[in-house]
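**Q** Numbering (our numbering), first residue to last: 53 to 737. Note that CB positions come from ideal geometry on N, CA and C, so glycine has one too.
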Amino acid sequence: MAQPDPGQPELPLNGADAAPDLTTDQSAANGTGSYDASDIDVLEGIEAVRRRPGMYIGSTGQAGLHHLVYEIVDNSVDEAMAGHASRIDVTLQSDGWVQVRDDGRGIPTDQHAKTGKSALETVLTVLHAGGKFGGGGYKVSGGLHGVGASVVNALSSQLEVEVRRDRSAHTQTYVRGVPTGSVKRRRLDSAATPPTGTMVRWIADEQVIDHLDYDFNTLAQRFREVAYLNKGLWICFRDERNFAADATERQRAELEPLDEKNFYFEGGIQSYVRFLNRDREVLQPLPFHLDREVGVNGTAVVVEVAIQYNADFQDSVYAFANTINTHEGGSHLTGFRSALTRAINDFARRNKQLGEKDPNITGEDTREGLTAVVSVKLSEPQFEGQTKTKLGNPEIKGIVESATAEALAEYLDGQPREGRRIVEKCLTTARAREAARKARAIVQRKGALEGASLPGKLADCSERDPSLSEIFIVEGPSAGGSAKEGRDRRTQAILPLRGKVLNVERARLDKLLGHEAFRTLITALGTGIGEDFDLSKLRYHKVVIMTDADSDGAHIRTLLLTFFFRHMRELIEDGKLYIAQPPLYRVKAGKQAEWLYTDADLEAFMDKQKEGQKKVSVQRFKGLGEMNADQLWETTMDPQARLLWSVDIADEHAADDLFVKLMGDDPAKRRHFIEQHADLARIDV
Ligand code: 0RA
């Protein structure tokens, strides 16, 4: 059952710093060389984790792989939140190793009362034996699932840990969660840096994890977020996967990593909000910032709020609890929202921007152009909801609400010019909402008057089951004609779009509804829009954007993507939006004809013909309209042969930034985006 001891491997980190072995403390089993109940519990725990990894880390794909990293980093972040660590180094190393090192106090190494083993070994082998043990544990703790280091260990083919404390380096290695030997202790060179801390490095086990490729940018995004949420914490993230596996410490120091990102923010979430608004026109030069520790029933809750309005229409509010992104909101967000509404209304009345008879500004009207981060840290967070990302603790609502309302009132009175600007913006929103309501009502009434009738331009399919139906949104009437003729009438509907599509990035719903193209599209999809949007009413489970393979086509596609991202995001999130890929070329070598979809394909084709004697012809397609109906079916619409891209939002922040940057006012940035648009899509069929 236990793994054979392969001997003590040299840990790359301490090679230069550590003096030879002094002592050997507790053994791998229980100090007596035989197994007792606690060892059996440990082995059973490891078994359970390995049998059903998804239960512990969500999935065995890339998300699960990344989860292992977050789990280990979160432990170091906890140590930083407790005020004992200031720097975390995360390194992707060659041969699948990941290393996480902090300069905290080091995981305790003394004997653990219950297991009789080193506390260090206990943390790494016993499920749920994380930071909470020993009474003096943490005040606050992150870790969404909080499954701890032992789960990472169980899912790693190899893991090494080195703890520096008491002028010693304590090391232990494991294979698939089982110690290969006891914790070894060596005297640490007095010049060793850091003098205290924890280093964990591991290789995810290919036997249980299906995806072993780390994505640097995805991980970096999370570390950036963590650094914003813990001001003063330095996170250095390096990609050293290009280094030779056996490079020494000295060589490593001289080599160039593939990538390195350092995250350190003195301003904390205030810096975060400025970052989120960096490409937007802002209504306040400096974000409002609240950072307060509130005592409740003997424990402290840290409340941090940063707010900065911008001239756009979106609402970008991010709420965190113990650095976990609480996507589903919860009590902290509720408290924040009611404080914001109250403070703005009170200020508007004090300043006579609202008269006695005027109704209050609603919560919704305070959200347009609002960028805010709400972060709370508490000792016993209750995570609820579908994805366990909703903060439950009811006491937090009042705490956040009163702290925010008080500080915000003071801020607004102190900067009345910014205050008035914010109120003005809210009042404009209220007026626009009223206009949109009227416009929506007109669209709805029209629908009702015409019965269940669909827009005339739509060539609907005969199939009534949405899961079997597709709609092609096609640019231009001539392409629309070919598509109508070439389609499978039973399952494929065609909606030709006329003229230029409005850029919705800078338009509100009322303006959007003033455009025929959008009204037609919304009616055809059947979902409604804005507050009435209902994905379950979608009439086609594949919504396919089909535009020309040239830059005009890419432009229209981008405008449509902007519309779906801003107004029907759920449809994208549900995997219903696709992009059709028409061919770029029709080539012939002798009698053999072929369709090519990329320039790389063409290059490969031409290379292949260099040796040949055949007559070669290349025909470039620019527009869908250049193909006849049969060709369009054969190349772009036939489910058996076509290439469809499934649109998904890999990273909501990044996508948001992209649309702000590229659909905003800067045409140079937009052109760049159009050239790079494929980033948003992922290959599917
Ligand atoms: C429990 C108690 C103490 C430190 C830690 C856990 C600890 C755990 C991790 C995991 C990664 N880095 C860590 N750093 C510290 C405090 C022990 C003491 O009182 O010195």
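Going along the chain, which residues of its own chain have a beta-carbon closer than 7 Å to the beta-carbon of residue 661, five neighbours each way excluded?
**A** For residue 661, where only same-chain residues beyond five positions count, the Cβ hits under 7 Å are 641, 668.
**Q** Please confirm whether residue 637 and residue 654 have their CB atoms less than 8 Å apart.
**A** Result yes, Cβ atoms of residue 637 and residue 654 sit closer than 8 Å.
**Q** Classify residue 550 as helix, strand or coil using the three-state DSSP reduction.
**A** Correct three-state label for residue 550: coil.
**Q** Comparing the CB of residue 154 with every heavy atom of ligand 1, is any distance shorter than 7 Å?
**A** Yes, the beta carbon of residue 154 sits closer than 7 Å to at least one heavy atom of ligand 1.
**Q** Span of the alpha helix (DSSP H) holding residue 210?
**A** Unbroken run through residue 210 is the beta strand (DSSP E), 208 to 217; no alpha helix (DSSP H).
**Q** Looking only at its chain, what residues have a beta carbon closer than 7 Å to the beta carbon of residue 297, apart from the 5 residues adjacent to it on each side?
**A** Answer for residue 297: 146, 147, listed in chain order.
**Q** With a Cβ-Cβ cutoff of 8 Å, do residue 395 and residue 282 count as a contact?
**A** The answer is no: Cβ separation not under 8 Å.
**Q** Could you tell me which of 314, 477, 120 sits nearest to residue 265, measuring between CA atoms?
**A** Nearest C-alpha to residue 265: 120.
**Q** Is any heavy atom of ligand 1 found at a distance shorter than 7 Å from the C-beta of residue 208?
**A** Because no heavy atom of ligand 1 lies under 7 Å away, the Cβ of residue 208 does not count as near it: no.
**Q** Whole beta strand (DSSP E) runs in the segment 320 to 354 with 3 or more residues, listed along the chain?
**A** DSSP runs (the beta strand (DSSP E)) wholly in the segment 320 to 354: 340 to 348.
**Q** Examine ligand 1 and report whether any of its heavy atoms sits within less than 7 Å of the Cβ of residue 515.
**A** For ligand 1, not one heavy atom lies less than 7 Å from the Cβ of residue 515.
**Q** Starting from the C-beta of residue 38, find all residues in its chain whose C-beta is less than 8 Å away, skip the five residues before and the five after it, and write them out in chain order.
**A** It is not possible to answer for residue 38, since the shown part of the chain is limited to 53 through 737.
**Q** Which class does residue 250 belong to by DSSP, given the choice of helix, strand or coil?
**A** In the structure shown, residue 250 sits in a strand (DSSP, three-state: E or B).
**Q** Beta carbon of residue 426, beta carbon of residue 371: below 8 Å?
**A** Yes. Within cutoff.
**Q** Could you tell me whether any non-hydrogen atom of ligand 1 is closer than 7 Å to the CB of residue 603?
**A** Result no, Cβ not under 7 Å from ligand 1.
**Q** Report the rounded CA-to-CA distance for residue 74 versus residue 136, giving the unit in angstroms.
**A** Confidence in residue 74 is poor, its pLDDT being 41 and thus under 50, which makes the residue's placement unreliable; the coordinate value appears in the next sentence. Their Cα atoms are separated by approximately 27 Å.
**Q** Let me check understanding here. Comparing Cα to Cα, which of 257, 451, 478, 706 lies closest to residue 347?
**A** Nearest of 257, 451, 478, 706 to residue 347, Cα basis: 451.
**Q** DSSP three-state label for residue 463, please.
**A** The answer is helix: DSSP assigns residue 463 an H, G or I state.
**Q** Straight-line CA distance for residue 325 to residue 558?
**A** Going by the C-alpha atoms only, they are around 21 Å apart.
**Q** Which first and last residues belong to the alpha helix (DSSP H) in which residue 579 is found?
**A** Residue 579 -> no alpha helix (DSSP H), and no H or E assigned at all.
**Q** What's the gap between the Cα of residue 218 and the Cα of residue 141?
**A** Spanning the two alpha carbons is a distance of roughly 22 Å.
**Q** Please go through the same chain and pick out, in chain order, the residues whose beta-carbon is closer than 8 Å to the beta-carbon of residue 464, but skip the five residues on each side of it.
**A** 395, 396, 399, 470, 471, 474, listed in sequence order.
**Q** So, with DSSP's three-state summary, where would you put residue 649?
**A** Reduced to three states, the DSSP call for residue 649 is coil.
**Q** Are three or more beta carbon pairs between the segment 328 to 342 and the segment 297 to 306 nearer than 8 Å?
**A** No, the segment 328 to 342 does not touch the segment 297 to 306.
**Q** Grab the span of the alpha helix (DSSP H) containing residue 621 for me, first residue to last.
**A** Looking at the DSSP string, the run of the alpha helix (DSSP H) that includes residue 621 is 621 to 625.
**Q** With contact counted as at least three CB pairs below 8 Å, one residue from each stretch, are the segment 364 to 384 and the segment 435 to 446 in contact?
**A** Yes, the segment 364 to 384 touches the segment 435 to 446.
**Q** For the beta strand (DSSP E) holding residue 270, just list the boundary residues, first then last.
**A** From DSSP, residue 270 is part of no beta strand (DSSP E) but of the alpha helix (DSSP H) over 268 to 281.
**Q** Counting along the chain, where does the beta strand (DSSP E) carrying residue 713 start and finish?
**A** First-last for residue 713: 704 to 715, but that is the alpha helix (DSSP H), not the beta strand (DSSP E).
**Q** Could you compute how far the alpha carbon of residue 134 sits from the alpha carbon of residue 285?
**A** Looking at the two C-alpha atoms, the distance is approximately 12 Å.
**Q** Assign residue 419 to one of two classes, buried (16 or more other C-beta atoms within 10 Å of its C-beta) or exposed (fewer than that).
**A** Per the 10 Å Cβ criterion, buried.
**Q** Does at least one heavy atom of ligand 1 sit under 7 Å from the Cβ of residue 202?
**A** No.
**Q** Using 8 Å as the cut-off, can you tell me whether the segment 576 to 593 makes contact with the segment 534 to 541, which would need three or more C-beta pairs spanning the two stretches below that distance?
**A** No, the segment 576 to 593 is not in contact with the segment 534 to 541.
**Q** Do three or more CB pairs link the segment 263 to 279 to the segment 244 to 253 at distances below 8 Å?
**A** Flag = no, the segment 263 to 279 and the segment 244 to 253 do not touch.
**Q** One question on the structure: do residue 227 and residue 210 come within less than 8 Å of each other, judged by their Cβ atoms?
**A** Yes. Within cutoff.
**Q** Could you tell me whether the Cβ atoms of residue 125 and residue 152 are closer together than 8 Å?
**A** Yes; because the gap between Cβ atoms is below 8 Å, this pair is in contact.
**Q** May I ask you to check if the CB of residue 160 is nearer than 7 Å to at least one heavy atom of ligand 1?
**A** Indeed, a heavy atom of ligand 1 lies less than 7 Å from the Cβ.
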